[in-house]
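Shown next, in structure tokens, is the structure this report addresses.
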Amino acid sequence: MTELVHSRADLARARSALTRTVGVVMTMGALHAGHETLIRAARDRADHVIVTVFVNPLQFGPNEDFDRYPRTLESDLEVCRQAGADLVFAPSVTDMYPGGQPAVRVNPGPLGEDLEGLSRPGFFHGVLTVVMKLLQLTRPDLTFFGEKDYQQLTLVRRMCRDLDVPVEVVGVPTVREPDGLALSSRNRYLSVPERAAALSLSRALRAGAAAAEAGGDAGAVLTAAHAVFGAEAAGARLDYLVLTDPDLAPGPVDGPARMLVAAWVGDTRLIDNAPVRLAPTS
Ligand code: PAF
Numbered sequence: 213m214t215e216l217v218h219s220r221a222d223l224a225r226a227r228s229a230l231t232r233t234v235g236v237v238m239t240m241g242a243l244h245a246g247h248e249t250l251i252r253a254a255r256d257r258a259d260h261v262i263v264t265v266f267v268n269p270l271q272f273g274p275n276e277d278f279d280r281y282p283r284t285l286e287s288d289l290e291v292c293r294q295a296g297a298d299l300v301f302a303p304s305v306t307d308m309y310p311g312g313q314p315a316v317r318v319n320p321g322p323l324g325e326d327l328e329g330l331s332r333p334g335f336f337h338g339v340l341t342v343v344m345k346l347l348q349l350t351r352p353d354l355t356f357f358g359e360k361d362y363q364q365l366t367l368v369r370r371m372c373r374d375l376d377v378p379v380e381v382v383g384v385p386t387v388r389e390p391d392g393l394a395l396s397s398r399n400r401y402l403s404v405p406e407r408a409a410a411l412s413l414s415r416a417l418r419a420g421a422a423a424a425e426a427g428g429d430a431g432a433v434l435t436a437a438h439a440v441f442g443a444e445a446a447g448a449r450l451d452y453l454v455l456t457d458p459d460l461a462p463g464p465v466d467g468p469a470r471m472l473v474a475a476w477v478g479d480t481r482l483i484d485n486a487p488v489r490l491a492p493t494s
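If you want it as structure tokens, here you go:
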């Protein structure tokens with residue numbers, strides 16, 4: 213049985229009945245197979261699973277898609293039921309921010325200003341603030357985040373470590389369509405030709421990984437990935453394509469690394485990333 217609650221009071225009552233380990237999966241709704249995988253991962257590790265569904269206005273810029281972001285609570289509940297969630301918390305904006313937008317926010321530090329943060333100023337302040345609030349409201353033992361939003365996962369881990377939040381942050385691998393496209397709630401904005409152009413992101417990552425497997429260094433990996441974008445990405449406008457250390461720390465990369473890409477396809481901004489293993493430079 214999956215219970216749906218909207219208010220903080222109902223959440224507090226339902227939460228107090230959960231006596232064993234609690235796992236939480238935070239979402240903005242429009243749930244797809246990627247979210248289902250997160251919920252199932254939580255189901256495997258925790259005795260009770262809470263899913264939050266909240267389109268957080270704090271993490272949308274003035275020209276972003278807050279108004280058109282899909283809101284599909286009925287079908288989201290069905291996904292939660294199928295995947296075995298016990299409790300769904302779907303607050304309104306007023307339930308979440310009763311005093312209006314919070315004046316005090318979590319500062320993500322320098323990593324919050326890079327990559328996604330460069331293109332979306334204030335984005336990670338909004339994300340980490342709502343994540344912190346949802347952690348306080350749901351009080352989980354474990355929380356599950358998709359690797360698809362790799363910078364978000366890294367920053368949530370960092371926040372919990374730096375601010376001593378007593379929760380285990382679990383990263384869950386990205387779920388992809390058979391042709392490689394990473395699942396995203398924003399894929400539903402794509403027209404048929406845009407969907408084809410969107411494949412450039414995963415293809416670039418694959419080309420980079422292949423160059424690394426062939427013994428290429430960071431420069432060769434980046435060149436291979438950029439070449440896909442240059443040659444095939446008609447309809448996709450590259451925002452960034454970078455190779456970093458797995459914790460997104462600045463500095464030269466060597467051994468295990470992460471490649472991250474962001475691009476515009478029409479009016480839709482997509483991101484993707486993948487692990488890359490570089491031959492260590494001795
Ligand atoms: O990844 C998302 O859907 C959102 O950024 C999150 C973590 C639910 C916070 O609003």
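Residues 213 to 494 in our numbering are what the sequence shown lists, from first letter to last.
The C-beta atom is built at its ideal place from N, Cα and C for all residues, glycine as well.
Legend entry - DSSP state of PRO468 mapped onto helix, strand, coil: Annotated three-state conformation of PRO468 is strand, per DSSP.
Legend entry - Pick from LYS360, MET371, LEU375 that is closest to VAL385, judged by C-alpha positions: Before going further, note that residue 385 is Pro rather than Val in the sequence given. Minimum Cα-Cα distance from PRO385 among the listed residues LYS360, MET371, LEU375 corresponds to LYS360.
Legend entry - Proximity of ASP466 and LEU490 at Cβ, strictly below 8 angstroms: Yes, the pair counts as a contact, with Cβ atoms nearer than the cut-off.
Inset, instruction - Examine the Cβ distances between the region 286 to 306 and the region 358 to 375 and report whether three or more of them are shorter than 8 angstroms. - result: By the C-beta criterion, the region 286 to 306 is judged not to be in contact with the region 358 to 375, since fewer than 3 inter-stretch pairs fall below 8 angstroms.
Inset, instruction - Note down, in chain order, each residue of its chain lying with its Cβ closer than 7 angstroms to the Cβ of ALA394, except the 5 sequence neighbours on either side. - result: Taken in chain order, the residues that qualify are LYS360, THR386, ARG388, SER414, ASP484.
Legend entry - Inter-stretch contact at 8 angstroms, needing at least 3 Cβ pairs: the region 321 to 329 / the region 282 to 291: Segments in contact, no.
Inset, instruction - Kindly indicate if chain D contains any beta-carbon less than 8 angstroms away from that of PRO333. - result: Within the model displayed, chain D is absent; a lone protein chain is all it includes.
Inset, instruction - State yes or no: is the C-beta of ASN399 nearer than 7 angstroms to some heavy atom of the ligand PAF? - result: ASN399 Cβ: outside cutoff for every heavy atom of the ligand PAF.
Inset, instruction - Using the Cα positions of ARG225 and HIS260, report the straight-line distance between them to the nearest angstrom. - result: Distance between the alpha carbons of ARG225 and HIS260: 14 angstroms.
Legend entry - Any alpha helix (DSSP H) of 4 or more consecutive residues that is wholly inside the region 377 to 446: Annotation: the region 377 to 446 contains the following complete segments of the alpha helix (DSSP H) (minimum length 4 residues), in chain order: 404 to 425, 430 to 444.
Legend entry - Residue span of the alpha helix (DSSP H) that contains LEU330, given as start and end: Secondary structure note for LEU330: its alpha helix (DSSP H) is the uninterrupted segment 328 to 331.
Legend entry - Touching by the beta-carbon criterion (3+ pairs, under 8 angstroms), the region 471 to 484 and the region 407 to 424: When C-beta atoms of the region 471 to 484 are compared with those of the region 407 to 424, three or more pairs fall below 8 angstroms, so the two segments count as touching.
Legend entry - Environment of ALA426 [buried if 16+ CB atoms lie within 10 Å]: Result: exposed.
Inset, instruction - Can you grab the Cα-Cα spacing for the pair VAL339 / ALA424, in whole Å? - result: Within the model, the alpha-carbon separation for VAL339 versus ALA424 is close to 33 angstroms.
Inset, instruction - Kindly provide the chain-ordered list of residues whose Cβ lies closer than 6 angstroms to any non-hydrogen atom of the ligand PAF. - result: Selection around the ligand PAF by beta-carbon proximity, strictly under 6 angstroms to any non-hydrogen atom, yields MET238, THR239, MET240, ASN268, GLN271, VAL339, VAL342, VAL343, ASP361, GLN364 in chain order.
Legend entry - Entirely enclosed beta strand (DSSP E) segments - the region 251 to 319, minimum 3 residues: Runs of the beta strand (DSSP E) inside the region 251 to 319: 260 to 265, 299 to 301.
Inset, instruction - Could you say which of ASP479, PRO405, ALA422, THR284 lies nearest to ASP240 if we only look at CA atoms? - result: Correcting the residue type first, residue 240 is Met in the shown sequence and not Asp. When each option's Cα is compared against that of MET240, the closest is THR284.
Legend entry - Minimum C-alpha distance to VAL316 - residue among ALA295, ARG257, VAL342, GLY296: Considering only alpha carbons, the answer is VAL342.
Inset, instruction - Report the rounded CA-to-CA distance for ILE262 versus ALA408, giving the unit in angstroms. - result: Their Cα atoms are separated by approximately 35 angstroms.
Inset, instruction - Go to MET371, then tell me how far its alpha helix (DSSP H) extends in each direction, as first and last residue. - result: Per DSSP, the unbroken alpha helix (DSSP H) holding MET371 starts and ends at 362 to 374.
Inset, instruction - Within 10 angstroms of the Cβ of ARG227, are there 16 or more other Cβ atoms? Answer buried if so, exposed if not. - result: Burial state of ARG227 is buried, judged by a 10 Å Cβ sphere holding 16 or more other Cβ atoms.
Inset, instruction - Could you check what DSSP says for PRO487 in three-state terms: helix, strand or coil? - result: The DSSP-derived three-state label of PRO487 is strand.
Inset, instruction - Quick one: grab the DSSP three-state call for THR233. - result: The three-state reading of DSSP puts THR233 in coil, since its state is none of H, G, I, E or B.
Inset, instruction - Taking all protein chains shown into account, decide if GLN348 is buried (16 or more other Cβ within 10 angstroms of its Cβ) or exposed. - result: Here GLN348 is exposed. Its C-beta has fewer than 16 other C-beta atoms within 10 Å.
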